[in-house]
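Colleague:
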Amino acid sequence: MEKDQIHNLKNEAIAQILRTGNKQELERLQIVYLGRKGKINQFLKELARLEREERTDIGKTLNEAKKAIENTLKTAFKRNLGKKEKTEEWFDITLPAPKSQIGHLHLISQAIAEIERIFAAIGFTRVRHPEVEWDWYSFEALNMPQNHPARDDFEAFYVQAPPSKKGQMCLTPHTSSGQIREMLAHQPPIRMINIGRCYRPESDISHAPVFHQFEGLYIDKNVNIGHLKGMLSYFAEEFFGPERKIRLRPYDFRFTEPSFEVDITCDLCQGKGRLSNGQNCRVCKEGWLELGGSGMTHPFVLKSGGVDPKKYSGFAFGWGVERVMMMKAGLNLPDLRLLWSPDLRILNQF
Ligand code: DAH
Numbered sequence: 001m002e003k004d005q006i007h008n009l010k011n012e013a014i015a016q017i018l019r020t021g022n023k024q025e026l027e028r029l030q031i032v033y034l035g036r037k038g039k040i041n042q043f044l045k046e047l048a049r050l051e052r053e054e055r056t057d058i059g060k061t062l063n064e065a066k067k068a069i070e071n072t073l074k075t076a077f078k079r080n081l082g083k084k085e086k087t088e089e090w091f092d093i094t095l096p097a098p099k100s101q102i103g104h105l106h107l108i109s110q111a112i113a114e115i116e117r118i119f120a121a122i123g124f125t126r127v128r129h130p131e132v133e134w135d136w137y138s139f140e141a142l143n144m145p146q147n148h149p150a151r152d153d154f155e156a157f158y159v160q161a162p163p164s165k166k167g168q169m170c171l172t173p174h175t176s177s178g179q180i181r182e183m184l185a186h187q188p189p190i191r192m193i194n195i196g197r198c199y200r201p202e203s204d205i206s207h208a209p210v211f212h213q214f215e216g217l218y219i220d221k222n223v224n225i226g227h228l229k230g231m232l233s234y235f236a237e238e239f240f241g242p243e244r245k246i247r248l249r250p251y252d253f254r255f256t257e258p259s260f261e262v263d264i265t266c267d268l269c270q271g272k273g274r275l276s277n278g279q280n281c282r283v284c285k286e287g288w289l290e291l292g293g294s295g296m297t298h299p300f301v302l303k304s305g306g307v308d309p310k311k312y313s314g315f316a317f318g319w320g321v322e323r324v325m326m327m328k329a330g331l332n333l334p335d336l337r338l339l340w341s342p343d344l345r346i347l348n349q350f
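Residue 281 in this note's numbering sits at position 281 of the sequence shown, and the numbers go up by one each step.
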């Protein structure tokens with residue numbers, strides 16, 4: 001073993017260490033030169049075979065070489081660590097940014113869009129009317145004079161503002177006021193679908209103080225109940241599916257005469273009222289579910305809207321968007337007000 005060999009080994013090791021900036025490579029070189037079976041140890045083993053004097057001399061050179069390699073490695077590791085921290089901060093600005101999460105329309109907006117589409121297909125125009133409305137449009141013109149008991153069903157939020165000739169201002173408790181506004185703005189034929197927010201001072205698991213209704217109005221010559229029933233069947237089939245049937249049940253509303261409540265066959269028991277296991281259906285009443293109100297427009301209402309009841313007749317209906325939507329999806333919300341929650345765990349499900 002010559003001193004030169006040791007110098008060469010040292011130089012070779014140092015050159016390789018300095019050349020690399022890679023931690024794994026440094027670790028590999030550490031093993032190759034300084035490891036238990038590494039090159040330095042191989043020389044150390046050979047040392048034993050040398051004469052005493054030579055052994056001390058070469059041993060010294062070997063020790064120096066080992067130290068030099070160790071020191072170079074130590075600094076290289078340190079430099080490499082510093083570099084690593086920087087590497088983590090560094091990023092490739094040409095990489096495409098992570099995709100942002102794509103949201104979707106709220107469940108209620110989806111239902112509104114579908115209702116609008118279904119009625120547009122038969123020539124009904126979507127309209128919007130004020131959410132803050134005068135008493136006259138909301139009640140009086142709809143044949144519900146002041147102090148009439150029918151008003152009890154329509155408690156409203158009144159706005160503290162000076163009343164006008166049209167009475168006090170309130171937040172629309174129903175979309176029916178849109179009937180009057182539409183008739184006053186257009187002469188028949190009228191085919192409107194007024195979808196809007198309604199407000200009533202009620203809040204419990206099945207009532208939210210803010211909710212939506214869609215109100216249809218069709219006015220033309222010779223409109224009769226057959227038209228009403230045909231159109232409601234069309235909507236029910238389009239919205240709920242071809243298997244569903246509707247029926248009209250006599251009811252009382254001040255703005256329609258005759259008036260009906262519309263029922264639809266229950267999806268769960270297919271309108272039988274009983275499930276296949278013989279038990280009564282827990283969702284409906286004897287196979288029918290209540291959809292909402294409808295009827296033939298009352299002559300008083302036509303007159304309020306400036307339409308001659310001798311020339312024209314019409315029908316109207318007004319239903320809850322949240323209600324039909326929940327019926328369609330078979331949604332059994334423990335609390336209707338959840339629909340107004342911003343909680344993504346709820347919203348992401350739809
Ligand atoms: N406006 C009524 C309500 O909010 C619903 C209604 C019933 C509307 C019968 C109508 C109708 O147009 O004909 O309860």
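Note that CB positions come from ideal geometry on N, CA and C, so glycine has one too.
(1) For Glu155, tell me which candidate among Lys221, Gln146, Gly278, Gln24 has the shortest Cα-Cα distance.
(2) The ligand DAH heavy atoms versus the CB of Phe253: any closer than 6 Å?
(3) Quick check on the burial criterion: 16 or more other C-beta atoms within 10 angstroms. Buried or exposed for Asn63?
(4) Helix, strand or coil for Leu34? Go by DSSP, reduced to three states.
(5) When the Cα atoms are used, what is the spatial distance from Asn222 to Phe255?
(6) For Gln213, does the three-state DSSP call read helix, strand or coil?
(7) What number of angstroms, rounded off, separates the C-alpha of Leu18 from the C-alpha of Thr75?
(8) With a floor of 4 residues, list each alpha helix (DSSP H) that falls wholly inside the segment 137 to 191, ordered by position along the chain.
(9) Which class does Tyr234 belong to by DSSP, given the choice of helix, strand or coil?
(10) In three-state terms, what does DSSP make of Phe317?
(11) Specify whether the segment 302 to 316 and the segment 206 to 222 touch according to this definition: at least 3 beta carbon pairs, one from each stretch, less than 8 Å apart.
(12) Please state whether DSSP places Pro258 in a helix, a strand or coil.
(13) Checking the sheet assignment: what are the DSSP bridge partners for Asn194?
(14) Would you say the beta carbon of Ser176 is closer than 6 Å to some non-hydrogen atom of the ligand DAH?
(15) Evaluate Glu53 with the Cβ neighbour count: other Cβ atoms within 10 Å of its Cβ, from every protein chain shown; 16 or more gives buried, anything less gives exposed.
Modeller: The structure says:
(1) If you number the sequence shown from 1, residue 155 lands on position 155. It is Gln146.
(2) The residue labelled residue 253 in the question sits at position 253 within the sequence shown. Checking every heavy atom of the ligand DAH against the Cβ of Phe253, one is found closer than 6 Å.
(3) On the sequence shown, residue 63 is found 63 positions in, with the first residue counted as 1. Classification for Asn63: exposed.
(4) For the purposes of this step, residue 34 is taken as residue 34 along the sequence shown, with counting starting at 1. Helix, per DSSP.
(5) One-based indexing of the sequence shown puts residue 222 at position 222. One-based indexing of the sequence shown puts residue 255 at position 255. Using only the alpha carbons, I get a separation of about 18 Å.
(6) Reading the sequence shown from its first residue, position 213 is the one you call residue 213. In this structure, Gln213 counts as strand in the three-state DSSP scheme.
(7) Locating residue 18 in the sequence shown gives position 18, counting from the first residue. Locating residue 75 in the sequence shown gives position 75, counting from the first residue. Approximately 10 Å, taken between the alpha carbons.
(8) 177 to 185
(9) Walking along the sequence shown from the start, residue 234 turns up at place 234. Here Tyr234 carries a helix assignment [DSSP, helix/strand/coil].
(10) In the sequence shown, counting from the first residue as 1, residue 317 sits at position 317. Of the three classes helix, strand and coil, the one that applies to Phe317 here is strand, per DSSP.
(11) yes
(12) Residue mapping note: residue 258 aligns to position 258 of the sequence shown, counting from 1. The answer is strand: DSSP assigns Pro258 an E or B state.
(13) To locate residue 194, count along the sequence shown from 1; it is residue 194. In the DSSP output, where bridge partners are listed per residue, Asn194 has Val127, Glu215.
(14) Along the sequence shown, one-based indexing puts residue 176 at 176. Yes, the ligand DAH has a heavy atom inside 6 Å of this Cβ.
(15) For this step, residue 53 is matched to residue 53 along the sequence shown. Under this definition Glu53 is an exposed residue.
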